[in-house]
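Heads up, the sequence shown is in our numbering, so the first residue is 434 and it goes up one at a time.
Glycine included, C-beta positions come from ideal geometry on N, C-alpha and C.
Small disclaimer: the values here were computed from a predicted structure and weren't measured.
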Amino acid sequence: MAQNFKTAEPLLYGVLRENAKHNRQEMTASEVALWYALRKEFRGVKFRRQHPIGEYIADFLCMTHKLVIEVDGGYHNEPSQQDYDRQRTEFLERKGYTVIRFTNEEVDTDVKNVISKIKEELIKIEENYE
Numbered sequence: 434m435a436q437n438f439k440t441a442e443p444l445l446y447g448v449l450r451e452n453a454k455h456n457r458q459e460m461t462a463s464e465v466a467l468w469y470a471l472r473k474e475f476r477g478v479k480f481r482r483q484h485p486i487g488e489y490i491a492d493f494l495c496m497t498h499k500l501v502i503e504v505d506g507g508y509h510n511e512p513s514q515q516d517y518d519r520q521r522t523e524f525l526e527r528k529g530y531t532v533i534r535f536t537n538e539e540v541d542t543d544v545k546n547v548i549s550k551i552k553e554e555l556i557k558i559e560e561n562y563e
């Protein structure tokens with residue numbers, strides 16, 4: 434079972450899989466907008482949505498570049514959520530992932546700029562591979 438998501442914590446795989454499935458079915462409008470933009474703008478670069486990594490679920494993941502993209506709603510401004518996000522980012526970075534975050538507002542008002550920043554990040558990651 435756990436071999437399907439080699440990035441997930443094996444003991445939590447069942448719960449993570451169900452939560453990820455629920456999250457895919459209940460994506461926010463901002464996540465939907467970014468998902469369509471990723472699919473349109475990045476032909477040949479595969480992104481996954483709501484993908485488990487460790488005990489967390491990334492909003493979007495490009496496995497080949499180990500790039501995690503998070504789309505944050507207003508509750509991410511709460512101090513307890515900011516602490517959680519910081520711990521989560523540190524965990525992902527220790528695992529070799531690059532994490533970039535955008536607010537719902539950024540996606541909703543200027544998705545082209547968000548896509549441009551993602552492209553820049555992918556280029557930086559590729560340059561580090563060389």
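Enclosing beta strand (DSSP E) for residue i [first to last residue]
| i | result |
| --- | --- |
| H484 | R481 to I486 |
| R575 | Here the chain covers residues 434 to 563 and nothing more, so residue 575 does not appear. |
| L494 | Y489 to C495 |
Residue i vs residue j beta-carbon contact at 8 Å
| i | j | result |
| --- | --- | --- |
| Y469 | V501 | no |
| L467 | V547 | yes |
| D492 | E464 | yes |
| I558 | H484 | no |
| L449 | A441 | yes |
Residue from the options whose Cα sits closest to the Cα of residue i
| i | options | result |
| --- | --- | --- |
| M460 | R534, V504, E442 and L494 | V504 |
| E554 | P485, Y489, F475 and I490 | F475 |
| K473 | S549, E488, N456 and R521 | S549 |
| M496 | V540, T542 and L525 | L525 |
| Y446 | V478, L471, Q515 and E488 | E488 |
Beta-bridge partners of residue i, as assigned by DSSP
| i | result |
| --- | --- |
| E503 | R534 |
| A441 | G487 |
Residue i: first and last residue of the uninterrupted alpha helix (DSSP H) it sits in
| i | result |
| --- | --- |
| V448 | Y446 to Q458 |
| E554 | V544 to Y562 |
| R476 | Careful: R476 lies outside any alpha helix (DSSP H) and carries neither H nor E. |
Expected contact under 8 Å - CB spacing of residue i and residue j to nearest Å
| i | j | result |
| --- | --- | --- |
| I490 | N452 | 6 Å |
| N537 | G506 | 5 Å |
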